[in-house]
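Accompanying notes for the structure given below.
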Amino acid sequence: MSAIPKEEYLFKCTSACAGCSSSLCLRYVLKAAGPDSVLVVPACCTSVLQGIYPGTAMNVPVYNIAFAAAAACASGMSNAFRSLGKETNVIVYAGDGGTVDIGIQALSGAFERGTDFLYICYDNEAYGNTGMQRSGATPLGARTTTTPGGKPTAKKDLDRIVAAHNPPYMATACSAYPLDLYKKVKKALSIPGPKFIHILAPCPPGWRYPSEKTVEMGKLAVKTGTWVLYEREFGKLSISGPSKAAMKKPAPLEDYIKGQGRFKNISPEIIDEMRQQVERNIQRLSREEAGIC
Amino acid sequence: MLTIATGNKAVAAAVKAAKPGVIAAYPITPQTEIVEQIAEYVNAGDLASQYIPVESEHSAMAACIGASAGGVRTFTATSSHGLLYMHEMVHWAAGARLPIVMANVNRALGPGWNTWAEHSDAFSQRDTGWLQVFVSTVQEAYDATLMAFKIAEDERVLLPVMVNLDGFALSHIMQSLETVDLGDFLPPYHLPHAVDTENPCVYGPMTGPDDYFRFRWDIERSMRDARGVIADVEREFAERFGRSYGPTEDYRCEDADVVVIAVGTLGKEAEVAIDLLRDEGIKAGSMRLRWFRPFPDLDLAGREVVVIDRDYSFGFGGVVANAVRAKTGVEPYSVIAGLGGQEVTYNNIAEFVRNRHPGEETWFGVSNHV
Numbered sequence: 020m021s022a023i024p025k026e027e028y029l030f031k032c033t034s035a036c037a038g039c040s041s042s043l044c045l046r047y048v049l050k051a052a053g054p055d056s057v058l059v060v061p062a063c064c065t066s067v068l069q070g071i072y073p074g075t076a077m078n079v080p081v082y083n084i085a086f087a088a089a090a091a092c093a094s095g096m097s098n099a100f101r102s103l104g105k106e107t108n109v110i111v112y113a114g115d116g117g118t119v120d121i122g123i124q125a126l127s128g129a130f131e132r133g134t135d136f137l138y139i140c141y142d143n144e145a146y147g148n149t150g151m152q153r154s155g156a157t158p159l160g161a162r163t164t165t166t167p168g169g170k171p172t173a174k175k176d177l178d179r180i181v182a183a184h185n186p187p188y189m190a191t192a193c194s195a196y197p198l199d200l201y202k203k204v205k206k207a208l209s210i211p212g213p214k215f216i217h218i219l220a221p222c223p224p225g226w227r228y229p230s231e232k233t234v235e236m237g238k239l240a241v242k243t244g245t246w247v248l249y250e251r252e253f254g255k256l257s258i259s260g261p262s263k264a265a266m267k268k269p270a271p272l273e274d275y276i277k278g279q280g281r282f283k284n285i286s287p288e289i290i291d292e293m294r295q296q297v298e299r300n301i302q303r304l305s306r307e308e309a310g311i312c
Numbered sequence: 003m004l005t006i007a008t009g010n011k012a013v014a015a016a017v018k019a020a021k022p023g024v025i026a027a028y029p030i031t032p033q034t035e036i037v038e039q040i041a042e043y044v045n046a047g048d049l050a051s052q053y054i055p056v057e058s059e060h061s062a063m064a065a066c067i068g069a070s071a072g073g074v075r076t077f078t079a080t081s082s083h084g085l086l087y088m089h090e091m092v093h094w095a096a097g098a099r100l101p102i103v104m105a106n107v108n109r110a111l112g113p114g115w116n117t118w119a120e121h122s123d124a125f126s127q128r129d130t131g132w133l134q135v136f137v138s139t140v141q142e143a144y145d146a147t148l149m150a151f152k153i154a155e156d157e158r159v160l161l162p163v164m165v166n167l168d169g170f171a172l173s174h175i176m177q178s179l180e181t182v183d184l185g186d187f188l189p190p191y192h193l194p195h196a197v198d199t200e201n202p203c204v205y206g207p208m209t210g211p212d213d214y215f216r217f218r219w220d221i222e223r224s225m226r227d228a229r230g231v232i233a234d235v236e237r238e239f240a241e242r243f244g245r246s247y248g249p250t251e252d253y254r255c256e257d258a259d260v261v262v263i264a265v266g267t268l269g270k271e272a273e274v275a276i277d278l279l280r281d282e283g284i285k286a287g288s289m290r291l292r293w294f295r296p297f298p299d300l301d302l303a304g305r306e307v308v309v310i311d312r313d314y315s316f317g318f319g320g321v322v323a324n325a326v327r328a329k330t331g332v333e334p335y336s337v338i339a340g341l342g343g344q345e346v347t348y349n350n351i352a353e354f355v356r357n358r359h360p361g362e363e364t365w366f367g368v369s370n371h372v
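So the protein sequences, as listed, match chains A and B.
Residue numbers for the first sequence follow the numbering used here, so the first one is 20 and each next one is one higher.
Residue numbers for the second sequence follow the numbering used here, so the first one is 3 and each next one is one higher.
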């Protein structure tokens, strides 16, 4: 951990919820990016946790923009900076709603155009900012305020959508593995063009677990294979360290499910379907890493 | 240099002269020729701008917002449904105090699909905090676009400007165009609140009622100050390049008993009608409304007024007629005409004046009177 700078770009005492893992991630993202960086933030928890005007919890410029517009705004800003000869990092830090749902058109456009920026989606699998309504990233069976009986459909596979754009770099990360995230942000920012990092960010009030278990919850996501950490650099996939072992012998899925109130009373059939999804995903990624697909 | 051009190509030529750092745009009929021509300029190396061919108008304005805040001059163009699709970001651009310039080629709104001239698209953005100017000739499209950058970027204004030109009736007709050597007319872009990593600030965060209210007042204060800035810039333009404009273009108004107020090409057409009416002994004049926001002071005391609206606010009346009524107390004869590209000739306009009914409203060719 000694490689991580001591400088803080996200100050203490934000208005984030106790145990907020996305703000933990943001702290490491900014440490990796350094001071010559601008965050572009659509409507999401980050637009709340930065504080109320004229205060700010951030030590880098933050450009808040409307929900659907983050990637396009970043596209304009990146082009402006580059035309002025500035190498400033332009980083979108957006939730899953602003990414997989309302913002996906702008994201797709910016990636297709080859915008030089890093798009980070921190994914707490629901609209956290507005009190936990379902998003396209909400997993099968999860209860939210708009899926009170459990979500009947699977999580939208954002990573395969992004991969279809063939960005030079994309990765998954998890708030429980900050060093892995730090390294991925560093690497992403060393590569020109559009980069993407998808972070699983467990959310205590949304997932309904005690706030002190936020790191444990992220580790369980990875150990059960529910969330696989990997990088795809110029099209070549490599599974990241923490997922290597987990994928060989995943922990029981129930270990991940049982601690979360959002999966309360979930049926064995849905758990079985979730298990099949996890297995299919692990197999697909393993085959791709081995060059079989 | 003297040439001939369409209204669209005149706008593109002005953009080329203004040298924006970033242009982000999406094509839509009848604006398409503007973005095509700009793409040609960039491709040929005649314009060293970053041209971002975005995937939607919402993204076009979002990209302009990012670029303008990032510290460069910024331009986009749109029309009709494109403008409505970017509506959210149109508000955002003004609220963020960014001097973006946008050409809007005025076009009707569906359904049914209709690509011809109407002002409902622009007027639907009336309350966004944008300055709006309406032009009537190819030359004016060029001149107003150039001036728009200077007005928007003035630190007393720092609000975006929409340059409106009628779809097809101006966007696709050819007239003579004199392009100018700008010299130092447009100073280098400087945004006092540009994003700067040496001075980290947060832009557009959660804002409590008191500060939010003050920000809205600041927009209105700048809108008021913009009147003087517009006058200054138009005066300087006249001194340098010999063509002068004002908040309205008045034609034979000095001794007029009846004044026609219209917008865009209909306002120009009205001048021909005025000559016709004068020949008949009717003391008519016209005031073509150029600046719609900020709305100009109109001297209509003691005159009858005929307002032609190429738009409508359903359940309330013509947008311009209502504005004239509210700002001057005059009860105009309100004619709704030209919707969806309906042909309106100078003979028709003369007939509106001859057959006027103050205080009443008529829909040309549809309802009573005409």
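Glycine included, every Cβ here is placed at the ideal spot set by N, Cα and C.
In chain order, what residues of the same chain have a beta carbon less than 6 Å from the beta carbon of A/Tyr188, not counting five sequence neighbours either side? Ala207, Ile210, Lys214, Glu252
Within chain A, the residues that B/Trp293 reaches when beta carbons sit closer than 8 Å: Within chain A, no residue comes near B/Trp293; the closest Cβ sits about 27 Å away, beyond 8 Å.
Between A/Leu29 and B/Arg218, what straight-line distance do the alpha-carbon atoms span, to the nearest angstrom? 29 Å
Counting along the chain, where does the beta strand (DSSP E) carrying B/Trp365 start and finish? 363–365
Whose C-beta lies closer than 8 Å to the C-beta of B/Thr209 among residues of the same chain, with five residues either side of it excluded? Phe217
In chain B, what lies closer than 7 Å to A/Gln152 by C-beta? Chain B residues near A/Gln152: none, gap ~20 Å exceeds 7 Å.
Does the distance from the CB of B/Ile36 to the CB of B/Ala64 come in under 8 Å? no
is_contact[A/Ala85, chain B] using C-beta, thresh 8 Å: yes
Is the beta carbon of B/Lys11 less than 8 Å from the beta carbon of B/Ser51? no
Bridge partners of B/Trp293, per DSSP? B/Val135
Over the uninterrupted alpha helix (DSSP H) stretch that includes B/Glu180, give me the two end residues. Counting along the chain, B/Glu180 falls outside any alpha helix (DSSP H), though it belongs to the beta strand (DSSP E) covering 176–180.
The ligand MN and B/Asn166: does any heavy atom of the ligand fall closer than 7 Å to the residue's C-beta? Among the components modelled here there is no ligand, and therefore nothing to report on the ligand MN.
Can you give me the start and stop residues for the beta strand (DSSP E) that B/Thr106 sits inside? Note that residue 106 of chain B corresponds to Asn in the displayed sequence, not to Thr. Looking at the DSSP string, the run of the beta strand (DSSP E) that includes B/Asn106 is 103–108.
Nearest to A/Ile262 by alpha carbon, out of A/Glu308, A/Tyr141, A/Cys44? The sequence as given places Ser at residue 262 of chain A; Ile does not occur at that position. Taking only the C-alpha atoms, the option nearest A/Ser262 is A/Glu308.
Secondary structure at B/Phe187, three-state DSSP: helix, strand or coil? coil
So if DSSP puts A/Cys140 in a beta bridge, which residue, or which two residues, is it bridged to? A/Ala113, A/His217
Could you tell me the alpha carbon to alpha carbon distance between B/Phe243 and B/Leu160, rounded to whole angstroms? 24 Å
A/Met96 and B/Pro202 closer than 8 Å at C-beta: no
Local conformation of B/Pro202 per DSSP, three classes: coil
Can you check whether the CB of B/Arg290 is closer than 8 Å to the CB of B/Lys270? yes
Contact list for A/Tyr72 against chain B, beta-carbon separation under 8 Å: Val204, Pro207, Met208, Thr209, Gly210, Asp213
For A/Cys36, which of helix, strand or coil comes out of DSSP? coil
Check the Cβ of B/Ile67 against every Cβ in chain A and list those closer than 8 Å, keeping chain order. Ile84, Ala88, Cys92, Gly95
Excluding the 5 residues flanking B/Trp132 on each side, which residues of the same chain have their C-beta closer than 7 Å to its C-beta? Val92, Ala96, Leu161, Pro162, Val163, Met164, Arg295
Counting pairs of beta carbons, one from the region 52–72 of chain B and one from the region 82–91 of chain B, are three or more of them closer than 8 Å? yes
Looking at C-beta atoms only, is the number of pairs between the region 123–142 of chain A and the region 170–187 of chain A that lie closer than 8 Å three or more? yes
Run through the region 322–359 of chain B for me and flag every whole beta strand (DSSP E) of 3 or more residues, listed as ranges in chain order. 335–338
Could you name the residues of chain B that A/Asn98 contacts, counting a contact when the two beta carbons are closer than 7 Å? Val24, Gln52, Ile54, Ala69
Compute the Euclidean distance between the alpha carbons of A/Trp226 and A/Ser286, then round it to the nearest angstrom. 17 Å
Residues bridged to B/Thr209 by DSSP? None; B/Thr209 has no bridge partner.
Spatially closest choice to A/Ala87 from A/Gln69, A/Asp120, A/Glu235, by CA coordinates: A/Asp120
Out of curiosity, what's the CA-to-CA distance linking A/Lys50 and A/Gly280? 33 Å
Ignoring anything shorter than 4 residues or poking outside the region 178–214 of chain A, list the alpha helix (DSSP H) runs there in chain order. 197–208
Can you pull the chain B residues whose beta carbon is under 9 Å from the beta carbon of A/Pro287, in chain order? Near A/Pro287 there are no residues of chain B at all, since even the closest Cβ is about 43 Å away, more than 9 Å.
Under 9 Å, CB to CB, which of the residues in the region 166–184 of chain A have a partner in chain B? none
Once you ignore the five residues that flank A/Asn314 on each side, which residues in its own chain have a CB closer than 8 Å to its CB? What the structure shows of chain A is the stretch from 20 to 312, and residue 314 of chain A is not part of that stretch, so it cannot be assessed.
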